[in-house]
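As numbered in our numbering, residues 271 to 403 make up the sequence shown, in order.
Even for Gly, the Cβ is constructed at its ideal location relative to N, Cα and C.
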Amino acid sequence: MDRTVLVIKPDGVRRNLIGRIVQRFEDRGFRIVYLRMLEMQRETAEEFYSPHKDKAFYPDLIEFITSGPIVVIILEGASAVEVVRRMIGSTNSLEAPGGTVRGDLGFATTENVVHASDSIESFERESRILGLT
Ligand code: CMP
Numbered sequence: 271m272d273r274t275v276l277v278i279k280p281d282g283v284r285r286n287l288i289g290r291i292v293q294r295f296e297d298r299g300f301r302i303v304y305l306r307m308l309e310m311q312r313e314t315a316e317e318f319y320s321p322h323k324d325k326a327f328y329p330d331l332i333e334f335i336t337s338g339p340i341v342v343i344i345l346e347g348a349s350a351v352e353v354v355r356r357m358i359g360s361t362n363s364l365e366a367p368g369g370t371v372r373g374d375l376g377f378a379t380t381e382n383v384v385h386a387s388d389s390i391e392s393f394e395r396e397s398r399i400l401g402l403t
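In structure tokens form, the structure reads like this:
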């Protein structure tokens with residue numbers, strides 16, 4: 271069984287989508303092994319998103335991710351990283367197909383409702399930065 275980090279971003283929390291998002295992953299068969307609401311501190315956000323620090327959208331991304339509570343979840347299941355990435359859809363919500371979290375619930379690129387680890391290495395890195403291990 272693999273594990274992955276799923277983050278419900280501040281827009282998802284503000285829009286009261288926590289239950290509906292979690293439901294999708296439970297319905298699919300994933301097991302929730304960790305779930306916590308927290309506010310990401312600026313320092314943590316800068317480390318979490320450091321791979322994007324040279325991108326034009328980085329300042330807005332840091333501002334956004336620290337703008338309110340988020341929900342951090344660890345999901346466990348077969349091929350968790352790959353399946354969860356498919357279930358959330360492409361980064362730009364406008365391009366994400368219907369049936370995905372972003373395709374059904376999102377309408378932007380930075381404020382795109384959720385984040386999920388893109389590899390097992392990212393899962394390990396993100397777990398460490400978020401203090402989950
Ligand atoms: P996430 O999956 O959390 O990974 C990096 C985040 O940066 C991404 O979701 C978006 O919130 C944001 N992002 C990525 N690409 C862009 C872009 N081209 N314009 C604005 N924001 C972006």
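Three-pair Cβ contact test at 8 Å for the stretch 373-392 versus the stretch 349-356: yes
Distance between Leu-345 and Thr-403 (C-alpha atoms, nearest Å): Looking at the backbone, the Cα of Thr-403 and that of Leu-345 are separated by about 14 Å.
Asp-281 to Glu-381 span [Cα, whole Å]: If you take the alpha carbons of Asp-281 and Glu-381, they lie about 6 Å apart.
Cross-strand partners of Ile-344 (DSSP beta bridge): In the DSSP output, where bridge partners are listed per residue, Ile-344 has Val-275, Tyr-304.
Rounded straight-line distance, which links the Cα of Gly-347 to that of Asp-272: 6 Å
Identity of the residues DSSP links to Val-354 by a beta bridge: Beta-bridge pairing links Val-354 to no other residue.
Length of the line joining the Cα atoms of Thr-370 and Glu-313: Their backbone Cα atoms lie some 30 Å apart in a straight line.
Beta-carbon proximity of Phe-295 to Leu-308, cut-off 8 Å: no
As assigned by DSSP and simplified to three states, the class of Val-383: coil
Reference Val-342; option with closest CA among Val-303, Glu-391, Arg-285: Val-303
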